[in-house]
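Taking my numbering, the leading residue of the sequence shown gets 639, the next gets one more, and so forth. Cβ coordinates follow ideal geometry from the N, Cα and C atoms, glycine included. Here's the structure we're looking at; comments come further down.
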Amino acid sequence: MGGMEPKRELTSVDLAALSGELGAYEGSGVDKAYLYGDDMVRLKLRHYERGRIEVLIDVGDTKHVRVADADNVPPAPERPPNFAMMLRNRLAGAELAGVEQFEFDRILQFHFERDDDSTTIVAELFGDGNVAVLDGAGDVVDCLDTVRLKSRTVAPGAQYEFPDARFNPLAVDYDGFAARMRQSDTDVVRTLATQLNFGGLWGEELCTRAGIDKTQDIADTDDEEIRRLYETVGALAERLKRGDLDARVYREGSDRESDEPGPRVDVTPVPMEEHRDLSADRFDQFTAALDDYFTHFEADHAATEQESGGGRNRPDFEAEIEKQKRIIEQQQGAIENFEEQAEAEREKAEALYAHYDLVDDVLTTVRSARDEGRSWDAIEERFAEGAEQGIDAAEAVRSLDGSEGTVTMDVGDHTVTLVVADGVEKNADRLYTEAKRVEEKKEGAQQAIAETRAELEAVEQRRERWEADDGEEETDEEEEETEDIDWLTRSSIPIRRNEQWYEQFRWFHTSDDFLVIGGRDADDNEALVKKYLDRGDLFFHAQAHGGPATVLKATGPSEPADESIEIPDRSKREAAQFAVSYSSVWKDGKFAGDVYMVGPDQVSKTPESGEYLEKGGFAIRGDRTYFEDTPVGVAVGITCEPQTRVIGGPPDPIRERAETAIAVEPGKYAQNDAAKRLYREFRDRFADDTFVRKVASPDRIQEFLPPGGSRMVE
């Protein structure tokens, strides 16, 4: 079935409509908050008239917000992660005070208030998606993903930074609309989609409603056509403002033999001319339409994939390609904004020099008046009086701000805020510096767009390879050979897991099947040396301070100690790599360190005379065997048989045992963020993503990551 791709993310128009409907739930109290995986937040509310309200915020593969029917709410996770517990603590006793869209961006803000504090939940429904929780001062309490870009930062403890505001076509006057359209050098539909931020579907819809050929170049578009487009946009804006919605869920085709309706492919707040050939289900509320569409998304989409895949599930290349193209459009828009900002700052600086005497006169007048002890209000009144008398310098002044020590004035065609204590040159330098800072943001965006284009090319190449293969099924013989191990493509994987005694520590099994255990903290180190270090075992520790006491077990806990067991060198090297990887060497961003090995009788908890051993510390007697410059290295994997679990440790033995594994190295992402990135990658690798959610949650993955920053190895 080769039809249109189903909608996976809400548009800016959708959010403009949705924010209005969600306003009806203001005053709702918060019962509880939940987190599913690392990408869906559920807010259980109770409204004094409407009763139970279930709000789902999904920032995963289908980025959306909806009010769900109770029957469509997924079962609560067994154990709430830290993020959910934080939300519950902050929202206990709070009421929903309002919901608003940020500018014309795909961002919704949920404002909650209680007597002692206020909390805002920011849902970012673009790019990789994110949910940030802010306190009353706008600082980030926590977020699902930490973002550190040249253009913005979203990180716990930092002030939340919105993306640069996008051009809002629903709020601009005709002159601004026409100017924006005329700046374009492409056709009408692309201009509406990218320059005016409507996206592809709404760009086509507006052209259809206005009766204008979407492929027509802007250069060939006359003023009357621009006016028609503006009026069409204005009619849409007015309808959204009034809340005059008529929501639709669109379906593509149908099964003629069974008369079954076709799969859902789009959901919109108003009927779409572009979808007039599709069948549609009508809903009184947009929130109800969203619940219907996204509740059935997986079932609809899975059926479509199976039908088009010839027996093998065809990867959704088109959706990924569209996603990368949308990201490129956003990045191009950001680059254009940076260019405009940088040019504006430079023009302001040049204007200061072009009107040097005027600017200097104003700054000198304010400084002199302050030196004479005049208040800022009194100085502002003097300028107002001077303006009435027609004095040029006074007429140029707009306002003074004593708290900041600034004066805002008109300089040529620009309005500029100047620091009074600085001269003309210093103020101009500050503006040039700001222009340079914005240009650096542009460079970062250009680098990002190059990376996105590379990702797009890689997806297109994978699609070409698939199609060149004709998506052929494996032969019966091939299926027999891979049936027992091809867990990645299984639609359902049974959970088989028994807790083991050593899981209280860091652990892994070597390539030769020896158990290695290491401490997570001083208490663990103490227990390992006292209780679990037996004859025949080997003890490892990084030479660097701060690391796990590491024991390579020669025998199991129920087996008698046996000093005659020969432990292979390969297992010793892997234990040494484990010891250095989970030490301060990794945390310091280094890629290698020295490790020593000793026998159990050389490790003592009894200090010599004059010696002091802190908790978790120990004394080493006698000669040591060193593993010099041991490279750090960790991989995290998922096993499917004989047990389903997350494992982690040195890459070689983990890759041997895991169905799939991801190697990491020292990097910039904190443990929590790195774990979420690995979780998303694992979820993409398995056809049964619910299996990954149950077996390899971000919290469980994090248990196997070293302390400090990490990043995935390509």
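Residue burial classification, residue i (beta-carbon count within 10 angstroms, cutoff 16)
i       : result
THR1263 : exposed
LYS879  : exposed
MET678  : buried
SER666  : buried
ALA1096 : exposed
SER896  : Reliability of the predicted coordinates at SER896 is poor, the pLDDT of 46 falling under 50, and the value obtained from them is presented with this limitation in mind. SER896 is exposed by the Cβ-count criterion.
ALA937  : exposed
GLN1340 : buried
HIS1183 : exposed
THR1071 : exposed
SER1037 : exposed
THR758  : buried
VAL1270 : buried
TRP633  : Because the chain in this structure spans residues 639 to 1352, residue 633 falls outside the shown range and cannot be described.
ASN720  : exposed
ARG622  : Past the boundaries of the shown model lies residue 622; the chain is included only from 639 to 1352, so the question cannot be answered.
THR1113 : For THR1113, the predicted model reports a pLDDT of 35, less than 50, meaning its position is unreliable and no value from the coordinates is stated.
GLN969  : buried
GLU862  : exposed
GLN833  : buried
ARG1100 : exposed
GLU876  : exposed
Inter-residue spacing [alpha-carbon to alpha-carbon] between residue i and residue j
i       : j       : result
PRO1280 : SER1129 : 18 Å
THR1053 : GLU1018 : 17 Å
ARG1315 : PHE935  : 24 Å
GLU911  : CYS845  : 10 Å
ALA654  : LYS645  : 17 Å
ARG1323 : GLY765  : 20 Å
GLN1181 : ALA722  : 39 Å
ASP754  : GLY774  : 10 Å
LYS1079 : PRO907  : 35 Å
ASN768  : GLU1093 : 21 Å
GLU733  : ASP999  : 53 Å
ASP1039 : GLY881  : 40 Å
SER1219 : GLU1137 : 25 Å
ILE691  : ASP915  : 35 Å
SER1359 : LYS1191 : Residue 1359 lies beyond the stretch modelled for the chain, which goes from 639 to 1352, so this question has no answer here.
ARG1087 : ILE966  : Arg is not the amino acid found at residue 1087; the sequence shown has Ile there. Answer to the nearest angstrom: the Cα atoms are 6 Å apart.
HIS993  : SER822  : 33 Å
ASP1067 : GLY1061 : 10 Å
ARG790  : GLN797  : 10 Å
THR829  : MET819  : 7 Å
PHE1265 : ASN1310 : 31 Å
LYS1074 : ARG680  : 42 Å
Proximity below 8 Å, CB of residue i to CB of residue j
i       : j       : result
TRP1224 : PRO1345 : yes
ASN1065 : VAL1076 : no
PRO794  : VAL810  : no
VAL1284 : ARG1338 : yes
THR1127 : VAL1154 : no
ALA887  : ALA918  : It is worth fixing the name first, because residue 887 is Val in this sequence and not Ala. Yes, these two residues count as a Cβ contact at 8 Å.
GLY1361 : PHE1216 : Missing from the structure shown is residue 1361; the chain here goes from 639 to 1352 and no further.
SER650  : ARG717  : no
DSSP beta-bridge partners of residue i
i       : result
VAL693  : LEU681, VAL705
ALA1257 : SER1242
ILE745  : GLU762
ALA1273 : GLY1287, ALA1301
GLN739  : LEU746
VAL1189 : ILE1155, PHE1177
GLN797  : ASP777
GLY667  : ARG684, GLU733
ASP904  : TYR888
LEU772  : THR758, VAL778
Near the ligand NAD: residue i beta-carbon under 7 Å from a heavy atom
i       : result
GLU1033 : Among the ligands in the structure shown, none appear at all, so the ligand NAD cannot be discussed.
Query - the segment 845 to 854 touching the segment 799 to 807, judged by at least three CB pairs closer than 8 Å - result: With a cut-off of 8 Å, the segment 799 to 807 and the segment 845 to 854 do not count as touching, because too few Cβ pairs lie within range.
message: Using 8 Å as the cut-off, can you tell me whether the segment 695 to 707 makes contact with the segment 915 to 933, which would need three or more C-beta pairs spanning the two stretches below that distance?
response: yes
Quick check: the segment 810 to 821 against the segment 743 to 751, are at least 3 beta-carbon pairs closer than 8 Å? no
- Do the segment 724 to 735 and the segment 671 to 685 meet, that is, are 3 or more Cβ pairs less than 8 Å apart? yes
Check whether the segment 780 to 790 and the segment 834 to 842 touch, using three or more Cβ-Cβ pairs below 8 Å as the test. no
Counting beta carbon pairs with one atom in the segment 1163 to 1180 and one in the segment 1232 to 1243, are three or more of them shorter than 8 Å? yes
Self-check item: Inter-stretch contact (C-beta, 8 Å, three-pair minimum) for the segment 1043 to 1053 and the segment 978 to 990
Solution: yes
At a cut of 8 Å, does the segment 956 to 974 reach the segment 998 to 1018 through at least three beta carbon pairs? no
ask   = Is the segment 999 to 1007 in contact with the segment 967 to 986, if contact means three or more CB pairs nearer than 8 Å?
value = no
- Query: Can at least three beta-carbon pairs, one atom from the segment 1297 to 1311 and one from the segment 1214 to 1232, be found at a separation below 8 Å?
  - Reply: Verdict: yes, contact present.
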